[in-house]
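Q:
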Amino acid sequence: MSEQLPTTQKKTGLSFSSKRSLTGWGFLLPASLLIAWMSFYPMVRALILSFQTGPGSRLTFLHPFYQNYARMFKDEMFRMSLSNTFIYLIIQVPIMLVLALIMANLLNNKKLKFKGVFRTAIFLPCATSLVSYSLIFRTLFANDGFVNTILLNLNIIEHGINWLGNTGTARFVLILALIWRWTGYNMVFYLAALQNLDYSTFEAARIDGANAFQLFTRVTVPQLKPMILLTAIVSTNGTLQLFDESWNLTNGGPAGTTMTMSHYLYEVSFQKSSNFGYASALSYVILLLVAVLALIQMKVGDKR
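Under this note's numbering, the residue at position 253 of the sequence shown is numbered 1092, and the numbers go up by one with no gaps.
#1: Give me, in chain order, the residues of the same chain whose beta-carbon lies closer than 7 Å to that of Thr1089; leave out the 5 immediate sequence neighbours on both sides.
#2: With 16 as the cutoff for other CB atoms within 10 Å, does Ala939 come out buried or exposed?
#3: Would the beta-carbon of Val986 fall within 8 Å of that of Leu979?
#4: Less than 8 Å between the beta carbons of Ala1120 and Tyr908, yes or no?
#5: Under 8 Å Cβ to Cβ from Asn1114, same chain only, skipping five residues before and after it: list those, please.
#6: Sorted by chain position, which residues of the same chain lie with C-beta nearer than 7 Å to Leu1081's C-beta, five sequence neighbours on each side aside?
#7: Counting along the chain, where does the alpha helix (DSSP H) carrying Ala1177 start and finish?
#8: Kindly provide the ranges of any alpha helix (DSSP H) runs that are 4 or more residues long and lie completely inside the stretch 1019-1088, ordered along the chain.
#9: Is Phe890 near Phe879, with beta carbons less than 8 Å apart?
#10: Within 10 Å of its beta-carbon, does Trp876 have 16 or more other beta-carbons around it, so buried, or fewer, so exposed?
#11: On the criterion of 16 or more Cβ atoms from any shown chain inside 10 Å, does Gly955 qualify as buried, or is it exposed?
#12: For the alpha helix (DSSP H) containing Arg884, name the first residue and the last one.
#13: Using alpha carbons as the reference points, say which of Leu1127, Ile1135, Arg1020 lies closest to Leu886.
#14: How should Glu1042 be labelled, buried or exposed, when 16 other C-beta atoms within 10 angstroms of its C-beta is the threshold for buried?
#15: Per DSSP, Phe900 forms a beta bridge with which residues?
#16: Tell me which residues share the same chain as Gln1062 and place their Cβ nearer than 6 Å to its Cβ, disregarding the 5 neighbours each side in the sequence.
#17: Using alpha carbons as the reference points, say which of Gln1136, Gly1140, Ala1130, Leu1104 lies closest to Met1158.
#18: In whole angstroms, what separates the C-alpha of Glu997 from that of Pro894?
#19: Confirm, please, whether the CB-CB distance from Gly1116 to Leu921 is below 8 Å.
#20: Pair every Cβ in the stretch 1015-1029 with every Cβ in the stretch 931-950, then say whether three or more of these pairs are closer than 8 Å.
#21: Please list the terminal residues of the continuous alpha helix (DSSP H) segment that includes Thr1096.
#22: Could you name the residues of the same chain whose beta carbon sits closer than 6 Å to that of Arg958, not counting the 5 residues immediately before and after it, in chain order?
#23: Measuring CA to CA, which of Asn1050, Ile975, Leu868 is closest to Glu1084?
#24: Looking at the structure shown, is Trp864 part of a helix, part of a strand, or coil, going by DSSP?
#25: What is the DSSP secondary structure of Trp876, counted as helix, strand or coil?
#26: My guess is that Gly999 and Asp983 are in contact by the Cβ rule of under 8 Å, so how many angstroms apart are they, rounded?
#27: Could you check if Phe855 is buried or exposed, using at least 16 other CB atoms within 10 Å of its CB as the buried criterion?
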């Protein structure tokens, strides 16, 4: 009696969903390896380096291991660079975001003519090279620069102001340069968000008797809250890592009173002592500040 053969056979191999998943991971794997190699490995290596000291490749671990971090509390230049950075953060970021929001609201008016020209003109500074615009501001506010020349000709001042030689005026110039450079960048974000708002909410507010200021504060701003939160976090992150303006515009002067944390980090790494261990500790403090401030902004701004 012959053995009966089964009518159906079990399928062998991977299912379609498993094959699709493996295909996706196959495409992601090269990028993931590059990110791990180029980003995560340097971060881990820098963390280890922050507990070491010594020149070049002859590094040794510190005793106690947290000595580089403890050194910051006694480092007057670091404390000054930290306070300078927070001065820029507290003054420049709110002014810049408020100006960007107002400009975006004005340029979103459907009845405004030549909107494209105005939008381009305000955004153009963002396309300028960081080094170039820093040097332009340095030239404008030089002792014999354009600003002093105008003020003298208008008889507003009797003698030229040493804008970059005094702490207060040097900080003012740096903050002014930052506002000029980045306001248009944030304005574009707000303009994009305004395009997606429901126009019927504005019509309903007008019917209820709301004026232009009430429309802006009670209808526009609440609906832009997620975008305002995003730009606040990005601007805070950028200000805490500010380098180009401090280096090219004031060179940290006078006497380090305009130097930012990233500027000081660069000097510790490559100019003064080449102390890569201490510089790595400084970089992790900057990372910690960015993370903490971003978390605070998320908790305060996002009620979800």
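Ideal Cβ placement from N, Cα and C applies to all residues, glycine included.
A: In terms of the structure at hand:
#1: Looking up residue 1089 in the sequence shown gives position 250. In the same chain as Thr1089, and ignoring 5 residues on each side of it, the C-beta atoms closer than 7 Å to its own belong to Leu1003, Ala1009, Leu1013, Thr1097, in chain order.
#2: Against the sequence shown, residue 939 aligns to sequence position 100. Burial check for Ala939: the Cβ neighbour count within 10 Å reaches 16 or more, so the residue is buried.
#3: Locating residue 986 in the sequence shown gives position 147, counting from the first residue. Locating residue 979 in the sequence shown gives position 140, counting from the first residue. In this structure, Leu979 lies closer than 8 Å to Val986 by Cβ.
#4: Position 281 of the sequence shown holds residue 1120. Position 69 of the sequence shown holds residue 908. Judged by beta-carbon spacing, Tyr908 lies within the 8 Å limit of Ala1120, meaning their Cβ atoms are closer than that value.
#5: As a working mapping, residue 1114 is identified with position 275 in the sequence shown. Only Thr892, Val1107, Ser1108 meet the Cβ criterion.
#6: Position 242 of the sequence shown, counted from the first residue, corresponds to residue 1081. Within the same chain, Leu1081 has close Cβ partners Thr924, Tyr927, Thr1099, Ser1101.
#7: The structure shown does not extend to residue 1177, since the chain is modelled only from 840 to 1143, so the question has no answer here.
#8: List check, alpha helix (DSSP H) in window: 1038-1046, 1051-1054, 1064-1079.
#9: Sequence index remark: in the sequence shown, residue 890 carries index 51 (1-based). Sequence index remark: in the sequence shown, residue 879 carries index 40 (1-based). Contact: no.
#10: Position 37 of the sequence shown, counted from the first residue, corresponds to residue 876. The residue in question, Trp876, is exposed, as its Cβ has fewer than 16 Cβ neighbours within 10 Å.
#11: Within the sequence shown, numbered from 1, the residue matching residue 955 stands at position 116. Gly955 is exposed by the Cβ-count criterion.
#12: Within the sequence shown, residue 884 is the residue found at index 45, counting from 1. Secondary structure note for Arg884: its alpha helix (DSSP H) is the uninterrupted segment 880-888.
#13: Taking the sequence shown and counting its residues from 1, one reaches residue 886 at position 47. With distances taken between Cα atoms, Leu886 lies closest to Leu1127.
#14: If you number the sequence shown from 1, residue 1042 lands on position 203. Exposed, because fewer than 16 other Cβ atoms sit within 10 Å of the Cβ of Glu1042.
#15: For the purposes of this step, residue 900 is taken as residue 61 along the sequence shown, with counting starting at 1. Bridge partners of Phe900: Gln891.
#16: If you number the sequence shown from 1, residue 1062 lands on position 223. Leu1036.
#17: With the chain running from 840 to 1143 in the structure shown, residue 1158 is simply not present.
#18: Your numbering for residue 997 matches position 158 in the sequence shown. Your numbering for residue 894 matches position 55 in the sequence shown. A straight line joining the alpha-carbon of Glu997 with that of Pro894 spans about 52 Å.
#19: Residue mapping note: residue 921 aligns to position 82 of the sequence shown, counting from 1. Residue mapping note: residue 1116 aligns to position 277 of the sequence shown, counting from 1. With a cutoff of 8 Å on beta-carbon distance, Leu921 and Gly1116 are scored as not near each other.
#20: Yes: at least three Cβ pairs fall under 8 Å.
#21: Your numbering for residue 1096 matches position 257 in the sequence shown. Looking at the DSSP string, Thr1096 is not in any alpha helix (DSSP H), and its letter there is neither H nor E.
#22: Here residue 958 corresponds to residue number 119 of the sequence shown, with the count starting at 1. Shown here for Arg958: same chain residues with a beta carbon closer than 6 Å to its own, the five before and five after excluded, namely Leu946 in chain order.
#23: Sequence index remark: in the sequence shown, residue 1084 carries index 245 (1-based). The candidate whose alpha carbon is nearest that of Glu1084 is Ile975.
#24: Along the sequence shown, one-based indexing puts residue 864 at 25. Note: Trp864 maps to helix in three-state DSSP.
#25: The residue given as residue 876 occupies position 37 in the sequence shown. In this structure, Trp876 counts as helix in the three-state DSSP scheme.
#26: For the purposes of this step, residue 999 is taken as the residue at position 160 of the sequence shown. For the purposes of this step, residue 983 is taken as the residue at position 144 of the sequence shown. Your pair Gly999 and Asp983 checks out as a contact, with CB atoms roughly 7 Å apart and the cut at 8 Å.
#27: On the sequence shown, position 16 is the one that residue 855 refers to. Under this definition Phe855 is an exposed residue.
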